[in-house]
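In the numbering used here, the protein residues as written are 70 to 332.
Using N, Cα and C, we set each Cβ at its ideal position, and we do this for glycine too.
Take a look at the structure below.
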């Protein structure tokens with residue numbers, strides 16, 4: 070940059086994810102004194118505010134696109150998925166769920182609220198949704214494998230996934246407290262990796278670490294697979310724990326079993 074008279078430079082990373090990398094570059098002209106440690110301290114204080122401004126701008130400008138992306142991710146699964154409020158009001162249904170709702174089998178909409186007409190234990194789904202809305206810990210196993218049947222007698226398994234730790238950038242309506250997955254007992258429920266990433270705001274690297282941990286890989290093996298240091302894997306794993314609200318590798322395995330990810 071010397072032809073332009075710039076003799077001192079500094080860069081600030083503003084955003085980095087799978088779709089965008091943003092940096093701010095600042096240069097000092099040769100006519101001015103070089104950057105001092107005091108200048109750098111000021112930039113270090115300023116950097117978080119700049120990153121926050123970029124983040125807010127992307128949220129405001131990309132809300133519709135984010136919502137469309139999340140809905141598209143849900144539509145990619147063969148399982149029917151419905152997002153509900155605490156009182157069972159339907160906020161979003163993916164393509165498979167809309168077909169079921171249209172047929173009234175095995176789920177239906179009653180004044181805009183999800184109903185499960187042939188639930189084997191009446192009101193278990195509603196109880197699970199309300200428990201998840203109060204606190205994820207209250208849900209326990211009540212939201213796993215809720216039994217129901219379709220009109221032709223096919224056995225179904227309903228899974229309730231709390232959205233307490235959802236990403237604010239995933240395009241989700243703030244009123245959504247759970248995602249309800251409806252599937253044939255004989256076919257495992259699926260949740261696309263992209264939907265998982267959007268739901269918990271995982272970076273691509275964190276998503277990959279999550280998948281490998283769930284697959285039983287140890288830290289050293291994951292590091293070799295990804296070509297990074299074990300300390301980097303541990304750093305990503307801590308972020309996964311923080312974002313998903315889980316605390317151990319076993320908790321992550323349980324999460325993956327609740328909503329089976331494609332291999």
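Residue state for residue 249 is assigned as strand, using DSSP reduced to three classes. By the C-beta criterion, the segment 154 to 166 is judged to be in contact with the segment 177 to 186, since at least 3 inter-stretch pairs fall below 8 Å. Residue 231 and residue 300 have their C-alpha atoms some 30 Å from each other.
If you look at residue 100, you'll find it isn't in any alpha helix (DSSP H); DSSP assigns it neither H nor E. Apart from the 5 residues on each side of it in sequence, residue 223 sits with its Cβ closer than 7 Å to the Cβ of 253 in its chain, given in chain order.
Just so you know, the alpha carbons of residue 116 and residue 106 end up roughly 15 Å apart. If you compare the alpha carbons of 307, 120, 248, 171 with that of residue 274, the shortest gap goes to 307.
In the three-state DSSP reduction, residue 188 falls in the strand class (E or B).
Collapsing the DSSP output to three states places residue 92 in a strand. If you ignore the 5 residues before and after residue 144, its C-beta comes within less than 6 Å of the C-beta of 163, 164, all in its own chain and listed in chain order.
Of the candidates 95, 91, 89, the residue whose Cα lies closest to the Cα of residue 80 is 95.
The three-state secondary structure of residue 176, taken from DSSP, is coil.
Setting aside the 5 residues that flank it on each side, residue 187 is surrounded in the same chain by 175, 217, 218, 219, 220, each with a C-beta closer than 8 Å to its C-beta; the list follows chain order.
Nearest to residue 189 by alpha-carbon distance, out of 227, 284, 321, is 227. The secondary-structure analysis by DSSP pairs residue 82 across a beta bridge with 92.
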